[in-house]
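Chemist: Sequence positions in the sequence shown follow the numbering used here and run 4 to 250.
Don't be surprised by glycine CBs; every beta carbon is placed ideally from N, CA and C.
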Amino acid sequence: MTTGDVVRVLHPAGASGVVLVCEHASYHMPSALQALGLPEDMRRGHAAWDPGALGVAEGLSERLDAPLVASTVSRLIYDCNRPPEAPSAILERSEGREIPGNIGLDYRTRADRVARYYLPFEARVRAAMDAVQAQVLVTVHSFTPVFMGKRRAVEVGVLHDKDTRLADAMLARAARHTPLRVQRNAPYGPHDGVMHTLRMHGLTRGIPNVMIEVRNDLIATSEAQAEMAQMLAGWIRESIGALEVAA
């Protein structure tokens, strides 16, 4: 494993051709930012990170023999799945609540966050993909069972942008691998601005790519994360194989 202040890379020499990315892996906030003035529940809750996603991504890295690039800083500091020009890269409100340390930031402060947190992450993803001549990109996320008072029916989301190849293959094979409720582009989709990593590192290279979203109550323990990773690994592997056969 290699590490940096804002990003770490697990299994950098993975030989499968798959590269994994977990943009919302951590709720850590650098002490200089004084936790953005947030109460404990927001600093540790889903607003700050994707609970369980890192454990699943680490399990996938091992099972797929794939490098994993993971952020080590809360998305409330900077959301590494957003481009610098996106207002949602540094949120002033999340889930209806203010984020005091992000309100009214001037251009210089925003630019400093981009330079400190986003650019090193983006460069590490690019380097990891170049190092193994990446053939497939998979990003790993989790979501809450209830959002803004509404319960979500989906349990596993398979998300894509314009390149639907891997998502199509996975959705066609979902029932072989899991009894969970699987949906396309849910609970988010391209219109929600969540496709930055797929666009930046998948579409530009012309390689199959997909975002996996797992409901976080299904991966609340290390055991559950390992089980989910085991299931997803088989599902992803078979789906990639189907693309290779079709080609």
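What distance in whole Å lies between the Cβ atoms of Leu94 and Asn105, which are believed to be in contact at a cut-off of 8 Å?
Modeler: Counted from its first residue, the sequence shown places residue 105 at position 102. Counted from its first residue, the sequence shown places residue 94 at position 91. With a Cβ gap of about 6 Å, Asn105 and Leu94 count as contacting.
Chemist: Report the rounded CA-to-CA distance for Leu71 versus Ser19, giving the unit in angstroms.
Modeler: Position 68 of the sequence shown, counted from the start, is the residue given in the question as residue 71. Position 16 of the sequence shown, counted from the start, is the residue given in the question as residue 19. It is roughly 12 Å from the alpha-carbon of Leu71 to the alpha-carbon of Ser19.
Chemist: Which of the three DSSP states is assigned to Asn212 in this structure?
Modeler: The residue labelled residue 212 in the question sits at position 209 within the sequence shown. In the three-state DSSP reduction, Asn212 falls in the strand class (E or B).
Chemist: Using CA coordinates, which residue listed in Pro211, Arg100, Asn219 is at the minimum distance from Met45?
Modeler: Counted from its first residue, the sequence shown places residue 45 at position 42. Ranking the options by Cα distance to Met45, first place goes to Arg100.
Chemist: Taking DSSP as the reference, what is the three-state secondary structure of Ser77?
Modeler: For the purposes of this step, residue 77 is identified with residue 74 of the sequence shown, where counting begins at 1. Note: Ser77 maps to coil in three-state DSSP.
Chemist: What's the C-alpha gap between His204 and Gln138?
Modeler: Mapped onto the sequence shown, residue 204 falls at position 201. Mapped onto the sequence shown, residue 138 falls at position 135. Rounded to whole angstroms, the gap between the alpha carbons of His204 and Gln138 is 11 Å.
Chemist: Is Val9 buried or exposed, if buried means 16 or more other CB atoms sit within 10 Å of its CB?
Modeler: The sequence position of residue 9 within the sequence shown is 6, counting from 1. It is buried - the Cβ of Val9 has at least 16 other Cβ atoms within 10 Å.
Chemist: State buried or exposed for Tyr110, treating a residue as buried only when at least 16 other CB atoms are found within 10 Å of its CB.
Modeler: Residue 110 sits at position 107 when you count from the first residue of the sequence shown. Classification for Tyr110: exposed.
Chemist: Using the C-alpha atoms, what's the distance from Val141 back to Val213?
Modeler: As a position in the sequence shown, residue 213 is number 210, starting the count at 1. As a position in the sequence shown, residue 141 is number 138, starting the count at 1. Going by the C-alpha atoms only, they are around 5 Å apart.
Chemist: What separation, rounded to the nearest whole angstrom, lies between the Cα atoms of Asp220 and Arg208?
Modeler: Position 217 of the sequence shown, counted from the start, is the residue given in the question as residue 220. Position 205 of the sequence shown, counted from the start, is the residue given in the question as residue 208. The alpha-carbon atoms of Asp220 and Arg208 are separated by roughly 34 Å.
Chemist: Pick out whichever of Trp238, Gly244, Ser242, Glu226 has its Cα sitting closest to the Cα of Ala56.
Modeler: If you number the sequence shown from 1, residue 56 lands on position 53. Checking every option, the nearest Cα to that of Ala56 belongs to Glu226.
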